[in-house]
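J.: For the sequence shown, this note's numbering gives the first residue as 21, with consecutive numbering after it. Glycine is no exception: its CB is placed at the ideal position from the N, C-alpha and C atoms. Got a structure for you, questions after.
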Amino acid sequence: MDVANHSVVSEFIFLELSSSWEIELVLFVFSSMFFVASMLANSLIVLTVTSDPHLRSPMYFLLANLSFLDLGISSVLSPKIIYDLFRKRKVISFGGCIAQIFFIHFIGGVEMVLLTAMAFDRYVAICKPLHYFTIMNQKCILLSVSAWIIGLIHSTVQLVFVIELPFCGPNVLDTFYCDLPRLIKLACTDTYRLEFIVTANSGFISLGSFFVLIISYIFILITVRKHSSSDSSKTLSTLSSHVMVMSLFFGPCIFVYTWPHPTSHLDKFLAFFDAVLTPVLNAVIYTFRSKEMKMAMRRVCSQLLVYRRIS
Numbered sequence: 021m022d023v024a025n026h027s028v029v030s031e032f033i034f035l036e037l038s039s040s041w042e043i044e045l046v047l048f049v050f051s052s053m054f055f056v057a058s059m060l061a062n063s064l065i066v067l068t069v070t071s072d073p074h075l076r077s078p079m080y081f082l083l084a085n086l087s088f089l090d091l092g093i094s095s096v097l098s099p100k101i102i103y104d105l106f107r108k109r110k111v112i113s114f115g116g117c118i119a120q121i122f123f124i125h126f127i128g129g130v131e132m133v134l135l136t137a138m139a140f141d142r143y144v145a146i147c148k149p150l151h152y153f154t155i156m157n158q159k160c161i162l163l164s165v166s167a168w169i170i171g172l173i174h175s176t177v178q179l180v181f182v183i184e185l186p187f188c189g190p191n192v193l194d195t196f197y198c199d200l201p202r203l204i205k206l207a208c209t210d211t212y213r214l215e216f217i218v219t220a221n222s223g224f225i226s227l228g229s230f231f232v233l234i235i236s237y238i239f240i241l242i243t244v245r246k247h248s249s250s251d252s253s254k255t256l257s258t259l260s261s262h263v264m265v266m267s268l269f270f271g272p273c274i275f276v277y278t279w280p281h282p283t284s285h286l287d288k289f290l291a292f293f294d295a296v297l298t299p300v301l302n303a304v305i306y307t308f309r310s311k312e313m314k315m316a317m318r319r320v321c322s323q324l325l326v327y328r329r330i331s
């Protein structure tokens with residue numbers, strides 16, 4: 021399907037993140053640093069989990085999936101953000117904008133389900149430790165495949181809503197990447213119902229999933245308190261990592277899609293935080309709060325250094 025035929029607009033223009041050249045320079049430096057850090061850290065996590073035999077557990081398999089998703093969202097958003105920071109005219113083609121929306125919602129949908137799967141993994145590990153591997157070895161692949169399928173369905177549904185909209189101008193987006201709420205407002209038709217559907221599909225689902233996860237973690241914490249053991253501190257540390265990652269993911273998403281009075285500057289800050297900082301923070305949180313992961317990374321890095329010296 022040639023999406024350009026449905027619209028007079030062939031490109032969209034992004035507004036500047038700041039009118040100050042110095043601030044945009046600072047943003048360029050930080051964006052570049054965090055992009056490189058995100059790619060390196062998440063690539064190392066994926067490599068470590070796939071190559072280290074000590075991490076052959078469902079928890080680390082799900083973590084590798086999360087890091088792979090963070091690699092994807094960094095690749096979709098950060099290069100364009102960094103490139104545009106030094107461009108006077110920040111534009112994206114109509115097709116490029118649609119592609120950004122598709123991949124953002126695809127990855128976001130997968131991550132939403134994956135975080136729920138990780139909460140289930142922790143529930144089984146804490147509440148049914150003797151049956152953990154029996155249960156999770158059977159369900160781990162199923163949960164991962166389900167996450168990717170649900171993410172694809174979610175993104176496709178969002179794309180169907182947008183791809184048929186007529187855009188005849190204006191074509192200025194007060195943001196630095198294509199997102200549904202602002203793009204829909206530019207359509208040359210009444211979009212009230214569509215905005216409600218998009219909010220229900222993204223905002224309410226995010227809000228509902230967030231509360232389900234919060235309730236799940238509260239239940240797990242109650243179980244930990246009742247059956248305190250020598251491993252309780254380790255369990256609480258792992259749970260706190262999951263809660264922090266969950267908050268980083270759902271916080272901006274819920275605000276953007278459900279807040280009734282959007283504020284441009286706050287929206288931009290949350291969007292920048294979500295696009296640039298969250299992927300590297302996820303890696304840091306899971307890495308530095310897990311002794312097993314840190315030890316495994318040292319082993320992998322040592323092996324890579326030995327291999328490089330030999331070659």
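(1) Which same chain residues end up closer than 8 Å to Ile-43 when comparing Cβ atoms and leaving out the 5 residues on each side of it in sequence?
(2) Between Arg-142 and Ile-240, what straight-line distance do the alpha-carbon atoms span, to the nearest angstrom?
(3) Could you tell me which of Lys-100, Leu-86, Leu-233 and Leu-134 sits nearest to Gln-120, measuring between CA atoms?
(4) May I have the straight-line CA-CA distance separating Asn-221 from Phe-275, to the nearest angstrom?
(5) Run the CB neighbour count on Val-182, radius 10 Å, all protein chains shown included, and call it buried at 16 or more, exposed below.
(6) Please classify Lys-332 as buried or exposed, where buried requires at least 16 neighbouring CB atoms within 10 angstroms.
(7) So for Met-21, helix, strand or coil by DSSP?
(8) So what does Phe-18 bridge to, in DSSP terms?
(9) Hey, could you find the ends of the alpha helix (DSSP H) Phe-81 is sitting in?
(10) Using only CA atoms, which one of Lys-311, Tyr-327, Val-244 and Phe-308 lies nearest to Val-148?
(11) I'd like the list of long-range same chain contacts for Met-59, defined as Cβ closer than 7 Å, with 5 residues on each side in sequence excluded.
(12) Report the rounded CA-to-CA distance for Leu-83 versus Pro-190, giving the unit in angstroms.
(13) Roughly how far, in whole angstroms, is the beta-carbon of Leu-67 from the beta-carbon of Val-130, given that I think they are within contact range, below 8 Å?
(14) Is it true that the stretch 300-308 meets the stretch 162-180, where meeting means three or more beta-carbon pairs spaced less than 8 Å apart?
(15) Just curious, the alpha helix (DSSP H) that Gly-171 is in, first and last residue?
(16) Between Cys-117 and Phe-196, how many whole angstroms is the CB-CB distance? I'm expecting something under 8 Å.
(17) What I want to know is whether the C-beta of Phe-34 ends up closer than 7 Å to one or more non-hydrogen atoms of the ligand COA.
(18) Can the beta-carbon of Asn-302 be found less than 8 Å from the beta-carbon of Val-265?
(19) So the candidates are Ile-124, Ile-238 and Leu-134; which of them puts its Cα closest to the Cα of Ser-164?
(20) When burial is assigned at 16 or more other CB atoms within 10 Å of the CB, is Cys-273 buried or exposed?
(21) Closest by CA to Phe-122, which one among Arg-329, Pro-73 and Leu-200?
(22) In three-state terms, what does DSSP make of Asp-199?
(23) Provide the residue span of the alpha helix (DSSP H) that contains Asn-302, from first to last.
(24) For the alpha helix (DSSP H) containing Val-16, list its first residue and its last residue.
(25) In three-state terms, what does DSSP make of Cys-273?
(26) Going by other Cβ atoms of all chains shown within 10 Å of its Cβ, with 16 needed for buried, is His-74 buried or exposed?
(27) Just how far apart, CA to CA, sit Asn-151 and Asp-194?
T.: Taking the definition as stated:
(1) Leu-37
(2) 8 Å
(3) Lys-100
(4) 14 Å
(5) buried
(6) What the structure shows of the chain is the stretch from 21 to 331, and residue 332 is not part of that stretch, so it cannot be assessed.
(7) Reliability of the predicted coordinates at Met-21 is poor, the pLDDT of 42 falling under 50, and the value obtained from them is presented with this limitation in mind. Reduced to three states, the DSSP call for Met-21 is coil.
(8) Any property of residue 18 remains undetermined from this structure, which presents the chain solely from 21 to 331.
(9) 78-104
(10) It is Lys, not Val, that sits at residue 148 in the sequence shown. Checked all of Lys-311, Tyr-327, Val-244 and Phe-308; the closest Cα to Lys-148 is Val-244.
(11) Leu-91 and Ser-94
(12) 42 Å
(13) That pair is no contact at about 20 Å.
(14) no
(15) 152-183
(16) With 8 Å as the limit, Cys-117 and Phe-196 do not qualify as a contact, their Cβ atoms being about 12 Å apart.
(17) Ligands are entirely absent from the displayed structure, and the ligand COA is therefore not among its contents.
(18) yes
(19) Leu-134
(20) buried
(21) Leu-200
(22) coil
(23) 298-308
(24) In this structure the chain extends from 21 to 331, so residue 16 is not present and cannot be described.
(25) helix
(26) exposed
(27) The sequence as given places His at residue 151; Asn does not occur at that position. Going from the Cα of His-151 to the Cα of Asp-194 covers about 51 Å.
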